[in-house]
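There are 2 protein chains.
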Amino acid sequence: MKDFEVTARCGKARLGRLTTPHGVVDTPVFMPVGTQASIKGVPHDMLNCPVILSNAYYLYLKPGLEILKNFGGLHRFMNWNNSILTDSGGFQIFSLSALFKIRENGVEFRSKFDGSKHFLTPEEAVSFQFEIGSDIIMSLDRCMKYPSPRADIASAVNTTCAWAEKGLSAAKRYETGQKLFAITQGGTFPDLRRECTEKLMEHPFDGFAVGGLGVGEPLLLRQERLAENLDMLPADKPRYVMGMGPAPEIWDTVEMGADMFDCVLPTRNGRNAQAFTFSGKINLRNAKFKNDKLPIDSSCGCPACLKYSRGYIHHLFNVREMLAQTLTSLHNISFMIDLTQLIRDSIKNGTFPEEKKKFMNNWKGEN
Amino acid sequence: MKDFEVTARCGKARLGRLTTPHGVVDTPVFMPVGTQASIKGVPHDMLNCPVILSNAYYLYLKPGLEILKNFGGLHRFMNWNNSILTDSGGFQIFSLSALFKIRENGVEFRSKFDGSKHFLTPEEAVSFQFEIGSDIIMSLDRCMKYPSPRADIASAVNTTCAWAEKGLSAAKRYETGQKLFAITQGGTFPDLRRECTEKLMEHPFDGFAVGGLGVGEPLLLRQERLAENLDMLPADKPRYVMGMGPAPEIWDTVEMGADMFDCVLPTRNGRNAQAFTFSGKINLRNAKFKNDKLPIDSSCGCPACLKYSRGYIHHLFNVREMLAQTLTSLHNISFMIDLTQLIRDSIKNGTFPEEKKKFMNNWKGEN
Chain A
0 MKDFEVTARC
10 GKARLGRLTT
20 PHGVVDTPVF
30 MPVGTQASIK
40 GVPHDMLNCP
50 VILSNAYYLY
60 LKPGLEILKN
70 FGGLHRFMNW
80 NNSILTDSGG
90 FQIFSLSALF
100 KIRENGVEFR
110 SKFDGSKHFL
120 TPEEAVSFQF
130 EIGSDIIMSL
140 DRCMKYPSPR
150 ADIASAVNTT
160 CAWAEKGLSA
170 AKRYETGQKL
180 FAITQGGTFP
190 DLRRECTEKL
200 MEHPFDGFAV
210 GGLGVGEPLL
220 LRQERLAENL
230 DMLPADKPRY
240 VMGMGPAPEI
250 WDTVEMGADM
260 FDCVLPTRNG
270 RNAQAFTFSG
280 KINLRNAKFK
290 NDKLPIDSSC
300 GCPACLKYSR
310 GYIHHLFNVR
320 EMLAQTLTSL
330 HNISFMIDLT
340 QLIRDSIKNG
350 TFPEEKKKFM
360 NNWKGEN
Chain B
0 MKDFEVTARC
10 GKARLGRLTT
20 PHGVVDTPVF
30 MPVGTQASIK
40 GVPHDMLNCP
50 VILSNAYYLY
60 LKPGLEILKN
70 FGGLHRFMNW
80 NNSILTDSGG
90 FQIFSLSALF
100 KIRENGVEFR
110 SKFDGSKHFL
120 TPEEAVSFQF
130 EIGSDIIMSL
140 DRCMKYPSPR
150 ADIASAVNTT
160 CAWAEKGLSA
170 AKRYETGQKL
180 FAITQGGTFP
190 DLRRECTEKL
200 MEHPFDGFAV
210 GGLGVGEPLL
220 LRQERLAENL
230 DMLPADKPRY
240 VMGMGPAPEI
250 WDTVEMGADM
260 FDCVLPTRNG
270 RNAQAFTFSG
280 KINLRNAKFK
290 NDKLPIDSSC
300 GCPACLKYSR
310 GYIHHLFNVR
320 EMLAQTLTSL
330 HNISFMIDLT
340 QLIRDSIKNG
350 TFPEEKKKFM
360 NNWKGEN
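Which chain is which? The protein sequence lines are A and B, in order. Here the first sequence stands for residues 0 to 366, where the numbers follow numbering that gives the first Met the number 0. Here the second sequence stands for residues 0 to 366, where the numbers follow numbering that gives the first Met the number 0.
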């Protein structure tokens, strides 16, 4: 059996199975974000999901390689037995750019915690992720803000491709079953994205991620580039759209052939009282919920919905109790997991377009 | 069967059973504090304890009587099926005194939330707790700071006794099984405490609480007054020492014949990385724990200790993840529950003095 198989299709939408050292991941899949080895506000032992995301840049600084190795890897350190995907830190080079200097053979940066100086090669970025036992490892890439001059994007594409190759040379995945993914860049320039993607596809990566989007460009432009880029990718490898989270965009992007997603929205929104339901988003701080005995979403089976009402959670936000953030974040992650289950079922049943339409009609945004 | 029975004794220490509308509470018991219908940082569905504490003053303001009644009472509102004790708000009159004015027939106060003006009689304070379905209801009392002039304490004793009688007249406990407790005051004046206690004992309260201590007086003075006051109380009624939390003081006070305790320390300390163990307190922020694979307390069976290491929780505090506070608070509450189980067993087995000595020897404070 191959480590990734597409088992059904509905249009371009794909149902797949990705096998990692920690189990099988049915795709399309949503991966909750646990940047620093914890999903913000949510005890991860309350979650039932096949893969979570963590961040090599943060883990490299704290707790660091030595401690993670001493604990027998990231899984044991945080007591998570399903799969873990680690982002390499390429996006942090972008988002915390004041702390970074790009050199030809790697990145010089200062710790966001204590200002200490570090130098990381693309080989080390990949080795670190192998060493801590990540199941799905991302190459170190170079992400640029939108808009950026074409010359800068072209240069970032060259760096990204060179670093991906160097990371590949450091990979030991054939022995361990760990996967190494490359990340495409190229901003919103179609030809640069193609150049980057084709170069990366010359190498035996286990999967490909579309990166460098969702950095400020207009939604329609993003969707065009996403669709084109996903079309270029090999049919027999998993496709990961990085940092994409709003439910409607997940439907759109699955329709273009994407398999994997991650986003901080479920927990970030959850901490701000915004809850996802299949009838749209609701803000639990709204006074209209104060007497509401229904759960956040009556169709949801998560612990928050099985045990607590909107009225109670409204009260918890009102009096600033931490439990408010925990319950709403937990629910929002469960919603994303249910949403991708619905998507997978609709691909299997050949009803993806109808289910998408139904979802979009019900999802009215804030209500 | 009576609603409270003492089933064993070891010296003055008592093993008891208190029956409420929501079950049986084995005493001595520690009650975790959920002031605003939530135990800070801890999903209460993770707790296994017979009774928690909430606060009528806070609940009266938010969410208020109407909403709590609409939900069918506090238990259903917060989805807690074991017993609830509600404090009346007397301590808040003391601790938030700038917002209060004492009148002969009640208290005038402003909401700490929105400054709105309220007037509460001692009858209403008790009725409110009955209406929201509290299992153990506290009379409205008048608590004074330490030190206060004798005349002020004497006046507070008079008010406390008058209010307790008025609350009793408003009680409907014989129909519902709900319990009404009176609270003794008198500061550190032995004769005033005796006067207050004897007056209150003329009336058929279901239990008695020792109040007005732990407000700044020296520990030895507190212990003397506590011992005297507990000795005055009837043998066939439960005795509750309000707001008492440090583990050594719980041993001391059980030895004086106390049955019930509550304290915010397990959650407050938990939020500040201080964890309780049977070998003393530890501060999980301490760098010496960064490579520690042991649970907080190896003898503990709480979810935090079953699943996570000191090293991981140290990391969570280090990177300011909420899960750090949740796990440590959850553990500290579990520790208090285990501690009172140990105390109950030692009373039953007649080994209280030996077990107390053993505990005290191991409990070295910070280590």
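Every residue, glycine too, gets a C-beta built ideally from N, C-alpha and C. Owing to the predicted nature of the structure, the values given are computational and were not obtained by experimental measurement.
Chain A contact for residue i (CB, 8 Å cutoff)
i              : result
K68 (chain B)  : no
L322 (chain B) : yes
F188 (chain B) : no
K171 (chain B) : no
P62 (chain B)  : yes
H314 (chain B) : yes
G310 (chain B) : yes
Y307 (chain B) : yes
T327 (chain B) : no
Rounded C-alpha distance that separates residue i from residue j
i              : j              : result
G89 (chain A)  : N282 (chain B) : 35 Å
S87 (chain A)  : V240 (chain A) : 15 Å
R238 (chain B) : T26 (chain B)  : 10 Å
M359 (chain A) : D251 (chain A) : 10 Å
K363 (chain A) : K280 (chain A) : 8 Å
L119 (chain A) : P42 (chain A)  : 32 Å
T350 (chain A) : C299 (chain A) : 21 Å
L94 (chain B)  : I83 (chain A)  : It is worth fixing the name first, because residue 94 (chain B) is Ser in this sequence and not Leu. Between S94 (chain B) and I83 (chain A), the C-alpha separation is close to 48 Å.
I295 (chain A) : K306 (chain B) : 29 Å
H314 (chain B) : C262 (chain B) : 27 Å
K68 (chain B)  : N271 (chain B) : 35 Å
I249 (chain B) : S138 (chain A) : 56 Å
E130 (chain A) : Y57 (chain B)  : 51 Å
Y59 (chain A)  : S110 (chain A) : 10 Å
G210 (chain A) : S308 (chain A) : 39 Å
E123 (chain A) : P245 (chain A) : 33 Å
P148 (chain B) : P217 (chain B) : 17 Å
A153 (chain A) : I342 (chain A) : 36 Å
A234 (chain A) : S96 (chain A)  : 34 Å
N366 (chain B) : D258 (chain B) : Residue confidence for N366 (chain B) is low, a pLDDT of 45 falling below 50, so the modelled location carries little weight; the figure read from the coordinates is stated next. Spanning the two alpha carbons is a distance of roughly 29 Å.
Within 8 Å, strictly: CB atoms of residue i and residue j
i              : j              : result
R224 (chain A) : T187 (chain A) : yes
M77 (chain B)  : S37 (chain B)  : yes
E254 (chain B) : A12 (chain B)  : yes
I182 (chain A) : T159 (chain A) : yes
L264 (chain B) : C301 (chain B) : no
L229 (chain A) : R221 (chain A) : no
G185 (chain A) : P121 (chain A) : no
G310 (chain A) : F288 (chain A) : yes
M321 (chain A) : G40 (chain B)  : yes
R192 (chain B) : E164 (chain B) : no
I135 (chain A) : V125 (chain A) : no
M205 (chain A) : L179 (chain A) : Position check: residue 205 (chain A) holds Asp in this sequence, whereas Met was assumed. Contact: yes.
Q128 (chain A) : T85 (chain A)  : yes
Terminal residues of the beta strand (DSSP E) in which residue i lies
i              : result
I336 (chain A) : Taken as a continuous stretch (DSSP letters only), I336 (chain A) belongs to no beta strand (DSSP E), being part of the alpha helix (DSSP H) at 321 to 347.
Q273 (chain A) : 273 to 276
F351 (chain B) : Note, F351 (chain B): premise wrong, no beta strand (DSSP E); alpha helix (DSSP H) at 351 to 361.
D26 (chain A)  : It should be noted that the sequence gives Thr, not Asp, for residue 26 (chain A). Per DSSP, T26 (chain A) belongs to the beta strand (DSSP E) from 22 to 26.
M137 (chain A) : 135 to 137
R284 (chain A) : Note, R284 (chain A): premise wrong, no beta strand (DSSP E); not H, not E.
L119 (chain B) : 116 to 119
L64 (chain A)  : Taken as a continuous stretch (DSSP letters only), L64 (chain A) belongs to no beta strand (DSSP E), being part of the alpha helix (DSSP H) at 64 to 69.
S94 (chain B)  : Note, S94 (chain B): premise wrong, no beta strand (DSSP E); alpha helix (DSSP H) at 89 to 94.
Interface flag, residue i vs chain B, CB-CB below 8 Å
i              : result
A37 (chain A)  : Note that residue 37 (chain A) corresponds to Ser in the displayed sequence, not to Ala. It does; some Cβ of chain B falls within 8 Å.
P294 (chain A) : no
M77 (chain A)  : yes
T85 (chain A)  : no
Y56 (chain A)  : no
K289 (chain A) : yes
N47 (chain A)  : no
Extent of the continuous alpha helix (DSSP H) to which residue i belongs
i              : result
V253 (chain A) : 246 to 254
C48 (chain A)  : First-last for C48 (chain A): undefined, no H or E at that position.
L58 (chain B)  : 55 to 60
**Q.** Segment contact flag, the stretch 46 to 53 of chain A with the stretch 22 to 33 of chain A, C-beta cutoff 8 Å, min 3 pairs
**A.** yes
Q: Count the CB pairs spanning the stretch 337 to 349 of chain A and the stretch 1 to 14 of chain A that are closer than 8 Å, and state whether there are at least three.
A: yes
(Q) Taking 8 Å as the cut-off, does the stretch 99 to 114 of chain A touch the stretch 62 to 79 of chain A (at least 3 CB pairs, one atom from each stretch)? (A) no
Q) On the three-pair Cβ rule with 8 Å, is the stretch 264 to 284 of chain A touching the stretch 332 to 340 of chain A? A) yes
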